[in-house]
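Visitor: In my numbering, the protein residues as written are 3 to 171. Submitted below is the structure of interest, expressed as structure tokens.
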């Protein structure tokens, strides 16, 4: 299984992990590193390398950060050579839900790519949704699959639309 380290400003990583586990249940091989202005970079780097070793069962580690170009992201980039790892910036809950579902059976590269797509897919503005969806999840169940995201291919639209709601990952 792919290990995961959430590297974020403040307590964002712990909060996202708690939300993830609320949605999909307890997760193994996941740790959080909180970065703030008071941490010396060397200490944070050492903590991150230790976390990577703890969560990696041999399949690799995906370091997920809150914002590309930020201190957490730069910290993750600085330790990529320490092991079989990749960095995915711009974390959101749908991205983490997708990772939870696929990381036991996919490669590191597949996890990074699929999670990035899921993270992007679930960023939307309500004014772009079909009118029935604005009435709540129940009202949009009978829409055709491409009504939610008309620009997506049929196979991608199938991934977006779930039986439960318009917006569920």
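C-beta atoms are modelled at their ideal positions from N, C-alpha and C, and glycine is treated no differently.
1. Can you tell me the Cβ-Cβ gap for residue 102 and residue 89, rounded? I've got them flagged as a contact below 8 Å.
2. To the nearest angstrom, how far is it from the Cα of residue 112 to the Cα of residue 33?
3. With a floor of 4 residues, list each alpha helix (DSSP H) that falls wholly inside the region 43 to 104, ordered by position along the chain.
4. Cα-Cα, which of 92, 7 and 71 is closest to residue 50?
5. Does residue 33 come out as helix, strand or coil in the three-state DSSP assignment?
6. What residues in its chain sit with their C-beta under 6 Å from that of residue 16, if we drop five residues either side in the sequence?
7. According to DSSP, is residue 10 helix, strand or coil?
8. What's the gap between the Cα of residue 110 and the Cα of residue 91?
9. Measuring CA to CA, which of 9, 135 and 98 is closest to residue 71?
Guide: Let's see:
1. About 18 Å separates the two Cβ atoms, so there is no contact after all.
2. Answer to the nearest angstrom: the Cα atoms are 20 Å apart.
3. Scanning the region 43 to 104 for uninterrupted alpha helix (DSSP H) segments of 4 residues or longer gives 43 to 57, 73 to 80 and 95 to 104, listed from N- to C-terminal end.
4. The residue from 92, 7 and 71 with its alpha-carbon nearest to that of residue 50 is 7.
5. In the three-state reduction of the DSSP assignment, residue 33 falls in the strand class.
6. So the list reads 34, once near-sequence residues are dropped.
7. Look at residue 10 here: in three-state DSSP terms it is strand.
8. Whole-angstrom Cα-Cα distance: 15 Å.
9. The alpha carbon of residue 71 has as its nearest neighbour, out of 9, 135 and 98, the alpha carbon of 9.
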